[in-house]
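J.: Okay, here's the structure, questions in a sec.
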Amino acid sequence: MQKLVVGARKIDVELTAGHLTAFDLYRRELQDWNTRMNLTAIADDEGIQIRHFLDSLSCLLAFRLPEARPPTADLRLIDVGTGAGFPGLPLKIICPGLQLTLLEATAKKVRFLEHLCDQLELEGVRVCHGRAEELGQDPAHREQYDWAVARAVAEMPILAEYLLPLVRVGGVCLAQKGENALAEVRSTERALALMGGQLARLVPVELHGLAETRYLVLADKVAPTPDKYPRRPGMPAKRPII
Ligand code: SAH
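Given below as structure tokens:
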């Protein structure tokens, strides 16, 4: 876990022995399950440390922005399309006070997440099997979160319709993006505005062991989302608001 330790230190995260035990267990479970099902294309030791764990932890740079509420006790965060748990679970390992909801549409990935949360003995994690379009219309989830995050799920206009309905007014949504972030953001103004969002900022992120620059795209929820959004499952991706 040396790569992770060094990379985390560079973004001011000091990993304890307890964190490392948890990340090591996470890595082994991921590699083990990945031999039986397609959880992730990145399954080598270094890839997991840098591209999964460290990249997930880079979201902490957004939490530390002066205007953001720090991720202390009872902050409600939903990770939409979490896959094998990214970025939500690494964040939970570092910030145990988070009230974390992991949302994933694929049943076999949900089974992995449930098993992993059990093994990691995490409290305050809810694993939901479903789609963002459904949860966004469910009163138990709609506008219930302080933060909604996503990595590698969809392009920005689609993501705006997935994430913003889940966030309370005054909350924030965060999309982890690659080199294309600037172009994507330009095409997302209309979708953000319709959902009650407002682009807040783009935070460039340089990670140890990664050549490319990554971006955190942050949008504030400034007004309630109109009832008709999100549209029914499949529609945001089929007819993105651009
Ligand atoms: N966030 C993870 C996984 C990315 S792959 C990572 O960065 O590694 C995208 C995942 O999003 C897939 O597991 C897919 O099942 C899920 N997904 C795609 N659209 C979704 C939706 N509308 N609602 C919930 N999950 C969705």
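Quick note, my numbering runs 1032 ahead of the 1-based positions in the sequence shown.
Every residue, glycine too, gets a C-beta built ideally from N, C-alpha and C.
Run through the stretch 1184-1259 for me and flag every whole beta strand (DSSP E) of 3 or more residues, listed as ranges in chain order.
T.: Those beta strand (DSSP E) runs which fall completely within the stretch 1184-1259 and span 3+ residues are 1199-1209, 1229-1237, 1246-1253.
J.: Mapping DSSP to helix, strand and coil, what is HIS1173?
T.: In the structure shown, HIS1173 sits in coil (DSSP, three-state: anything other than H, G, I, E or B).
J.: What number of angstroms, rounded off, separates the C-alpha of TRP1179 from the C-alpha of LEU1036?
T.: Looking at the two C-alpha atoms, the distance is approximately 25 Å.
J.: How would the residue list near the ligand SAH read, in chain order, if you kept each one whose beta-carbon is closer than 5 Å to any heavy atom?
T.: Residues with a Cβ closer than 5 Å to any heavy atom of the ligand SAH, in chain order: GLY1113, GLY1115, PHE1118, ALA1137, THR1138, ARG1163, ALA1164, ARG1183, ALA1184, VAL1185.
J.: Might you give, ordered along the chain, the residues of its own chain that have their beta carbon closer than 7 Å to the beta carbon of PRO1268, omitting 5 neighbours on each side?
T.: Correct list, in chain order: GLU1165, ILE1190, GLU1193, TYR1194, PRO1262.
J.: If you follow the beta strand (DSSP E) that CYS1091 is part of, which residue opens it and which one closes it?
T.: Premise fails: CYS1091 is in no beta strand (DSSP E) and is neither H nor E.
J.: Given that a residue counts as buried once 16 or more other Cβ atoms are within 10 Å of its Cβ, and exposed if not, what is ARG1083?
T.: So ARG1083 counts as buried.
J.: For LEU1109, which option in ASP1056, GLY1039, VAL1159 has the closest C-alpha, if you only look at C-alpha atoms?
T.: Closest by alpha carbon: VAL1159.
J.: Just to confirm the assignment: which complete alpha helix (DSSP H) runs, minimum length 4, are found wholly within the stretch 1109-1161?
T.: List check, alpha helix (DSSP H) in window: 1120-1126, 1139-1152.
J.: What does DSSP give as the partner residue(s) for VAL1181 in the beta ladder?
T.: In DSSP, VAL1181 forms a bridge with ASP1111, LEU1206.
J.: If you check the beta carbons only, do ALA1207 and GLY1228 fall under 7 Å apart?
T.: No, the pair does not count as a contact, with Cβ atoms beyond the cut-off.
J.: Taking the continuous alpha helix (DSSP H) assigned at TYR1058, which residues delimit it?
T.: From DSSP, the alpha helix (DSSP H) with TYR1058 extends over 1049-1066.
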